[in-house]
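*Asks:* The structure that follows is given in the form of structure tokens.
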Amino acid sequence: MITGYAMHGHANDAIELFEQMRTHAQPDHITFVGVLSACRHGQLLDEGWKYFDDMVRDYGIDPTVQHYTCMVDLLGHSGRLDEAYNLRYPDSGIWGSLLNACKIHGNVELGELALERLIDLEPDDAGNYVILSNMYAQAGKWEGVARVRKLMIDRGPEEKHSM
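Written out as structure tokens, the structure reads:
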């Protein structure tokens, strides 16, 4: 139910239910994904950090890729890109979230770092290159656009098509 509330934009209801639940039962890693997702959708940065810290400190749960993705999305959409970058985790979804947040906030320098990580993890995904190229274009950095296009040609990433 917590995740359902979160997915449908009812962050406060999800958090309220989580708080009620944890007075009677110990939350597991899936429950924390739900409450972190609620914080992400509700842009509740302080609460997200609190629950992330509680999960590790009070419940001894090691964060998974899903937990990190929620935090990177939350931090990224809040404009806290450096904090999001410092939550390093070797997963393309997390680096893709950071690259997207960099695009939203026009942070080309950090976007370059995120793309480097993505290239290491998914060298054949053309979408990542396109996002950075578009960021360069929005910033009027045409030499960056040319550099990314050359990198794409040299590496030969393929576009992913859905049916």
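Just so you know, we're using this note's numbering here: the sequence shown kicks off at 8 and counts up by one.
The C-beta atom is built at its ideal place from N, Cα and C for all residues, glycine as well.
Closer than 8 angstroms is the cut-off here; do at least three beta carbon pairs connect the segment 97-109 with the segment 66-79?
*Replies:* yes
*Asks:* Taking all protein chains shown into account, do 16 or more other C-beta atoms lie within 10 angstroms of the C-beta of PRO34, making it buried, or fewer, making it exposed?
*Replies:* Counting Cβ neighbours within 10 Å, PRO34 comes out buried, since at least 16 surround it.
*Asks:* Using C-beta distances below 7 angstroms, list every residue in its chain close to VAL155, excluding the 5 sequence neighbours before and after it, in chain order.
*Replies:* TYR136, LEU139, SER140, TYR143
*Asks:* Starting from ILE111, follow the alpha helix (DSSP H) in both directions and report where the run begins and ends.
*Replies:* 99-112
*Asks:* Does DSSP put ASP69 in a helix, a strand or coil?
*Replies:* coil
*Asks:* Counting C-beta neighbours from all protein chains within 10 Å, is the total for ILE22 16 or more, i.e. buried, or is it exposed?
*Replies:* buried
*Asks:* From this set, GLY49, CYS77, GLN27, ASP53, which residue's C-alpha is nearest HIS36's C-alpha?
*Replies:* CYS77
*Asks:* Ordered along the chain, which non-local residues of its own chain (more than five positions away) have a Cβ less than 7 angstroms from that of GLY86?
*Replies:* HIS112
*Asks:* For the alpha helix (DSSP H) holding ALA146, just list the boundary residues, first then last.
*Replies:* No alpha helix (DSSP H) holds ALA146; DSSP gives it neither H nor E.
*Asks:* Run the CB neighbour count on MET14, radius 10 Å, all protein chains shown included, and call it buried at 16 or more, exposed below.
*Replies:* exposed
*Asks:* How many angstroms separate the CA atom of ALA133 from the CA atom of HIS17?
*Replies:* If you draw a straight line from the Cα of ALA133 to the Cα of HIS17, it is about 35 angstroms long.
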